[in-house]
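With this note's numbering applied, the sequence shown closes on residue 286, and no number is skipped along the way.
The beta-carbon is built from N, C-alpha and C at its ideal position, and this holds for glycine as well.
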Amino acid sequence: MSAEYRPVFAIPFRDIDKRLEKHGIKVDMSDHTVRLTGPNGTLFATPEGGGGSTHFERNLRADTEAVLNAIQTEYGIEIVDEDDPRFWGYASWDEMENERASRIADQRVVIEGSSPDDVDFTIGWLEAARNAGLLWHDYALDNPEADELWDKLCSFNSLYEPLNHRPDLDFGAAAMAFVGKWFKNRASFVLDVSWSPWLESFCLMMFAGFFVLTGDRYQMTIPSVIDVTKVHDQLSDCLKRMDQENLSLQDVFATLTWREAKSLEARLMYMDVAGRLADRAILLGG
Numbered sequence: 001m002s003a004e005y006r007p008v009f010a011i012p013f014r015d016i017d018k019r020l021e022k023h024g025i026k027v028d029m030s031d032h033t034v035r036l037t038g039p040n041g042t043l044f045a046t047p048e049g050g051g052g053s054t055h056f057e058r059n060l061r062a063d064t065e066a067v068l069n070a071i072q073t074e075y076g077i078e079i080v081d082e083d084d085p086r087f088w089g090y091a092s093w094d095e096m097e098n099e100r101a102s103r104i105a106d107q108r109v110v111i112e113g114s115s116p117d118d119v120d121f122t123i124g125w126l127e128a129a130r131n132a133g134l135l136w137h138d139y140a141l142d143n144p145e146a147d148e149l150w151d152k153l154c155s156f157n158s159l160y161e162p163l164n165h166r167p168d169l170d171f172g173a174a175a176m177a178f179v180g181k182w183f184k185n186r187a188s189f190v191l192d193v194s195w196s197p198w199l200e201s202f203c204l205m206m207f208a209g210f211f212v213l214t215g216d217r218y219q220m221t222i223p224s225v226i227d228v229t230k231v232h233d234q235l236s237d238c239l240k241r242m243d244q245e246n247l248s249l250q251d252v253f254a255t256l257t258w259r260e261a262k263s264l265e266a267r268l269m270y271m272d273v274a275g276r277l278a279d280r281a282i283l284l285g286g
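See below:
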């Protein structure tokens, strides 16, 4: 689980070098990664755009404020994270919203979790995902059409063209990614179903019972039983319906617009935790 940063104006990757050491930053350079270590943590710099700029990333547990400050001081360029529209190349969220609204697909799903301090839930959810991955792997060995269905599902996502760019199904990796997104906002997270690389994993995990629709959002849940045969059959039925009705994968989910999703995400984030969890229990029939 990590946090990512970009400069608001390009900093060529070749310029991330020993000059930062005068700010008290240890610089370890290699061809494709520069480790920038400050007093409390390490920031990793990698090339972006063919090396024309630089992408920065840190472990969520690392405090790299001193490193980021040093970069901003040395290059005179502000560094922003994913919660700033400039990270995505927009001057404002309104500009980003207007541009994306011009696309045919402007769809999001909101996923709510338990308390991020609920260790038992988090461990149980990740363990269940790992178990689901093992069960699917064993099932696919005896049923090769299972992997063929996964490939067909991925074929609807333009991110995975050509074919050899399509990922293997990995419930565990997907679960880790979703937990990282959930921990970041501590209540819920938003998945952009128009271009997310995790969309197909979300779909299968929904079929397996890891996500349950409750009104305008999904809930993270630990399935009591993981039936991979049922997951296979639901995936097969879903793909047949998509073919018959000329649907996209986005049409399978209960979606909100970007503005609606961000509004709901903010409301859940700032709710009293006890009240939110009580509402969540009611939605889940508890």
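Which residues DSSP lists as bridging Arg6, in chain order: Val80
7 Å Cβ cutoff met for Ala128 and Ile222: yes
Burial state of Ser92 (16 or more Cβ within 10 Å): exposed
Close-in-space but distant-in-sequence residues of the same chain around Ala261 (CB under 6 Å, 5 per side omitted): Arg108, Val110 and Val190
Cα-Cα separation between Asn157 and Gly172, rounded to whole angstroms: 21 Å
Same chain only: Cβ atoms within 6 Å of Val228, ignoring 5 sequence neighbours per side: Leu135, Trp136 and Tyr139
N-terminal and C-terminal residue of the beta strand (DSSP E) that Asn59 is part of: Ser53 to Asn59
Boundaries (first-last residue) of the alpha helix (DSSP H) holding Ser201: Leu199 to Ala208
Given Val212 as reference, the closest of Asp170, Leu247, Gly285 and Ser196 once Cα atoms are compared: Gly285
Phe207 versus Arg35 - alpha carbon distance: 41 Å
Exposure label - His32; buried when at least 16 CB within 10 Å: exposed
Buried or exposed by the 16-neighbour rule on C-beta atoms within 10 Å, applied to Leu141: exposed
DSSP bridge partner residues for Tyr90 (one or two, in chain order): Tyr90 is not bridged to any residue.
Expected contact under 8 Å - CB spacing of Arg276 and Leu268 to nearest Å: 6 Å
Pick from Glu4, Glu97, Leu247 and Pro167 that is closest to Arg58, judged by C-alpha positions: Glu4
Beta-bridge pairing of Pro47 - partner residues as DSSP gives them: Thr54
DSSP bridge partner residues for Ile111 (one or two, in chain order): Phe189 and Tyr218
Contact set for Pro12: own chain, Cβ-Cβ below 8 Å, skip 5 residues either direction: Gly51, Gly52, Ser53 and Thr54
Contact set for Leu249: own chain, Cβ-Cβ below 8 Å, skip 5 residues either direction: Leu153, Phe156, Asn157, Val193, Leu199, Glu200, Cys203 and Met242
Top-ranked residue by Cα proximity to Leu126, from Glu145, Glu148, Ala174 and Glu97: Ala174
Contacts around Gln234, its chain only, beta-carbon distance under 8 Å, and the 5 residues preceding and following it disregarded: Phe207
Inter-residue spacing [alpha-carbon to alpha-carbon] between Pro85 and Ile79: 12 Å
Residue nearest to Arg259 in terms of C-alpha spacing, selected from His232, Ala62, Asp94 and Lys230: Asp94
Enclosing alpha helix (DSSP H) for Met29 [first to last residue]: Unbroken run through Met29 is the beta strand (DSSP E), Lys26 to Met29; no alpha helix (DSSP H).
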